[in-house]
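To keep things clear, I will list the structure first and then write my remarks on it.
2 protein chains.
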Amino acid sequence: MEEQDQKIKAVHDAMDILNGKWKISVISSICYHSSRRFSEILNDVKGISNKMLSKELKELEKNELVTRTVLDTQPITVEYKLTDYGQSLRTIIDHLSDWGMAHRKKSMYK
Amino acid sequence: MEEQDQKIKAVHDAMDILNGKWKISVISSICYHSSRRFSEILNDVKGISNKMLSKELKELEKNELVTRTVLDTQPITVEYKLTDYGQSLRTIIDHLSDWGMAHRKKSMYK
DNA sequence: CGGCATCCTTCTGGATACTG
DNA sequence: CAGTATCCAGAAGGATGCCG
Chain A
39 MEEQDQKIKA
49 VHDAMDILNG
59 KWKISVISSI
69 CYHSSRRFSE
79 ILNDVKGISN
89 KMLSKELKEL
99 EKNELVTRTV
109 LDTQPITVEY
119 KLTDYGQSLR
129 TIIDHLSDWG
139 MAHRKKSMYK
Chain B
39 MEEQDQKIKA
49 VHDAMDILNG
59 KWKISVISSI
69 CYHSSRRFSE
79 ILNDVKGISN
89 KMLSKELKEL
99 EKNELVTRTV
109 LDTQPITVEY
119 KLTDYGQSLR
129 TIIDHLSDWG
139 MAHRKKSMYK
């Protein structure tokens, strides 16, 4: 197999884990705050429902991108953090953020 | 609004354009070949159907990420290229590719 | 070759209500 | 607070066939 094919396949593999409408936004919410609670993420990611957030977080946890810690407060709080592995997406998130900003600027002049 | 919120929103804006299961893979197929025909992309992106590819390409064209050129051959050939704007995603694609490779390696030892 | 049209199934995801 | 459960509409997406 050629190098390009490998790369295209690798991109697809990456997107397989980062699938869904919200996954990347959820990750960025956590990563820009180092630690984040359920309700905070719900607020960060505009438009997401609790059901979807719950589902996305579970998948991220299964793929070892985030950790979930229940704090014994009253009422309970749950803290989500990125694993080191999840942190390795930081560069990509930053680039996407920059690109998104640039795009917004571009769209304004249309 | 705070800086983090801006960034999270920017990421979401970016993902709004790059939505769908296939968009990023399609872009990577084109960008790793500088120019690519319909049937070639169909082969590059494993699992995509012609219907989906057609739809994704249209959306990418509408968002000015790719250009579509019909060549007057017999039978006709259609060439897709990234615009400069589309090229600006190259860094992200490369990072995603690297990340995907690393992930595959990681998964192997589970 | 590069699609579009049609049919049909599966998945996505929103709204609302409820629980420990 | 941090979810789960249920219901349901609409979108995504696969298979197949047709066309210039």
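Chains A and B supply the protein sequences, listed in that same order. Heads up: take any position in the first sequence, counting from 1, add 38, and you land on our numbering. Heads up: take any position in the second sequence, counting from 1, add 38, and you land on our numbering. Glycine included, C-beta positions come from ideal geometry on N, C-alpha and C. On a predicted model such as this, the values are computed, not experimentally measured, just so you know.
Query: Could you give the residue range of the beta strand (DSSP E) that holds Leu-120/A?; Result: 115–120
Query: For Ile-46/B, is the classification buried or exposed, using 16 other Cβ atoms within 10 angstroms of its Cβ as the cut-off for buried?; Result: buried
Query: Hey, how far is the Cα of Leu-56/A from the Cα of Leu-127/A?; Result: 10 Å
Query: Going along chain B in order, which residues have a C-beta closer than 7 Å to the C-beta of Asp-51/A?; Result: Gly-138, His-141 and Arg-142
Query: Which full runs of the alpha helix (DSSP H) of 4+ residues lie inside the segment 39–106 of chain A, going along the chain?; Result: 41–55, 61–69, 76–82 and 88–100
Query: Identify which residue in Asp-54/A, Glu-40/A, Ala-52/A and Ser-66/A has its Cα closest to the Cα of Gln-125/A.; Result: Ser-66/A
Query: What does the Cβ neighbour count give for Gly-61/B, buried or exposed, with the cut at 16 atoms within 10 Å?; Result: Just to set this straight, residue 61/B is Lys in the shown sequence, not Gly. Answer is buried; the Cβ neighbour count reaches 16.
Query: If we count Cβ pairs, one from each stretch, closer than 8 Å, do we get three or more for the segment 111–118 of chain B versus the segment 71–81 of chain B?; Result: yes
Query: Along chain A, which residues have their Cβ under 8 Å away from the Cβ of Tyr-70/B?; Result: Gln-42, Lys-45 and Ile-46
Query: Which chain A residues sit within Cβ distance under 7 Å of Thr-129/B?; Result: His-133
Query: Contact defined as beta carbons within less than 8 Å: I believe Asp-51/A pairs with Gly-138/B. What is the distance between those atoms, to the nearest angstrom?; Result: 4 Å
Query: State buried or exposed for Ser-160/B, treating a residue as buried only when at least 16 other CB atoms are found within 10 Å of its CB.; Result: The question about residue 160/B has no answer, for chain B in this structure spans 39 to 148.
Query: Could you tell me how far apart the beta carbons of Leu-134/B and Val-49/A are, in whole angstroms, since I believe they sit closer than 8 Å?; Result: 5 Å
Query: What do you reckon, are the CB atoms on Thr-121/A and Glu-102/A nearer than 7 Å?; Result: yes
Query: Whose C-beta lies closer than 8 Å to the C-beta of Ile-68/B among residues of the same chain, with five residues either side of it excluded?; Result: Arg-74, Ile-79, Val-104, Tyr-118, Lys-119, Leu-120 and Gly-124
Query: Spatial neighbours of Glu-99/A within its chain, please: CB distance less than 8 Å, with the 5 preceding and 5 following residues excluded, ordered by chain position.; Result: Thr-105 and Arg-106
Query: Applying the 10 Å Cβ sphere with the 16-neighbour rule, what's the burial state of Asp-110/A?; Result: exposed
Query: Let me check understanding here. Comparing Cα to Cα, which of Met-90/A, Tyr-70/A and Asp-54/A lies closest to Ser-63/B?; Result: Asp-54/A
Query: Can you confirm whether Ile-62/B, when its beta carbon is compared against all beta carbons of chain A, has any partner nearer than 7 Å?; Result: yes
Query: Could you tell me the distance, in whole angstroms, from the CA atom of Thr-82/B to the CA atom of Glu-40/A?; Result: Here residue 82/B turns out to be Asp, not Thr, going by the sequence shown. One C-alpha to the other measures close to 11 Å.
Query: With a threshold of 7 Å between beta-carbons, can Asp-82/A be considered close to chain B, or not?; Result: yes
Query: Can you find a C-beta in chain A that's less than 7 Å from the C-beta of Ser-92/B?; Result: no
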